[in-house]
């Protein structure tokens with residue numbers, strides 16, 4: 001939403017892809033990365049919209065982290081919204097499960 | 001088996017990893033590739049041990065194809081055995097399904 005982007009200092013609002021529009025290759029590629037698996041697992045452990053991007057403790061820099069979130073949005077895995085200077089996150093668990101049954105469960109269960 | 005390797009002109013017998021020993025990241029990485037998805041789908045359409053590596057019509061060279069089969073073996077997806085000069089293939093569907101329920105189905109269904 002434009003007003004959210006403005007509130008976040010004119011940062012463009014994040015663009016999302018619905019899981020229904022995601023090819024299976026895109027979904028698998030998004031999940032097949034250790035940093036993104038970490039992000040997904042952390043999101044699954046917290047309530048929707050409670051984690052901002054700065055809350056994720058991953059071993060990559062700011063630009064790389066931003067790229068990883070972009071990949072997750074494009075794969076229909078994460079929804080984001082800006083609130084003030086924070087970008088809040090939600091795992092799109094229900095929609096993603098409907099499109100790719102069982103796939104998230106494989107990533108979230110103990111290996 | 002050593003005698004198979006000898007029959008295939010001293011080519012070393014292929015080394016396999018059982019799906020039970022495969023981390024989910026390895027399985028996802030193996031599947032998240034268009035050429036390997038093609039190989040898997042072709043295998044699923046044929047009976048076990050009926051396709052040799054030369055039967056797969058993929059858009060990569062011989063060395064790259066060999067690498068892709070190696071990735072599939074390491075992910076517990078494909079079993080191979082040498083018969084004369086041919087390397088025959090089998091999709092490890094049952095074992096892989098037991099380890100990663102539903103994952104192969106997502107790759108094999110129409111996208």
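Protein chains in written order, with UniProt numbering: chain A, 1 to 111; chain B, 1 to 111.
Glycine included, each C-beta is placed from N, C-alpha and C at the ideal position.
Start-to-end residues for the alpha helix (DSSP H) that takes in residue i
i                     : result
residue 115 (chain A) : Outside the displayed range of chain A (1 to 111) lies residue 115 (chain A), so it cannot be described from this structure.
residue 92 (chain B)  : No alpha helix (DSSP H) holds residue 92 (chain B); DSSP gives it neither H nor E.
residue 26 (chain B)  : 24 to 31
residue 69 (chain A)  : 62 to 74
residue 126 (chain A) : Absent from the structure is residue 126 (chain A), since the part of chain A shown begins at 1 and ends at 111.
Start and end residues, beta strand (DSSP E) containing residue i
i                    : result
residue 82 (chain B) : 78 to 83
Reference residue i; option with closest CA among the options
i                     : options                   : result
residue 93 (chain A)  : A:75, A:81 and A:110      : A:75
residue 43 (chain B)  : B:72, B:10 and B:82       : B:72
residue 70 (chain A)  : A:104, A:46 and A:35      : A:35
residue 105 (chain B) : A:24, A:14 and A:91       : A:24
residue 14 (chain B)  : B:58, B:110 and B:68      : B:68
residue 111 (chain A) : A:22, A:37, A:11 and A:12 : A:37
residue 48 (chain B)  : B:81, B:63, B:11 and B:59 : B:81
residue 78 (chain A)  : A:10, A:22 and A:63       : A:22
residue 108 (chain B) : B:46, B:10 and B:62       : B:46
residue 103 (chain B) : B:66, B:64, B:56 and B:41 : B:41
residue 90 (chain A)  : A:12, A:56 and A:10       : A:56
Anticipated Cβ contact below 8 Å, residue i with residue j, distance rounded
i                    : j                    : result
residue 39 (chain A) : residue 60 (chain A) : Their Cβ separation, rounded to whole angstroms, is 10 Å, which puts residue 39 (chain A) and residue 60 (chain A) out of contact at 8 Å.
* For the UniProt domain "HTH arsR-type" (16 to 111) of chain A, enumerate the residues whose C-beta is nearer than 7 Å to any C-beta of chain B, in chain order. => 23, 24, 25, 28, 29, 31, 32, 34, 37, 100, 101, 102, 103, 106, 107 and 111
* To do: Would you check if the stretch 20 to 33 of chain A and the stretch 24 to 31 of chain B touch, i.e. whether three or more CB-CB distances between them fall below 8 Å?
  => yes
* Asked: Should the stretch 88 to 104 of chain B be regarded as contacting the stretch 13 to 26 of chain B, the criterion being three or more beta carbon pairs within less than 8 Å?
  -> yes
* Evaluate the contact criterion for the stretch 83 to 94 of chain B versus the stretch 51 to 58 of chain B: three or more CB pairs, one atom per stretch, below 8 Å. => yes
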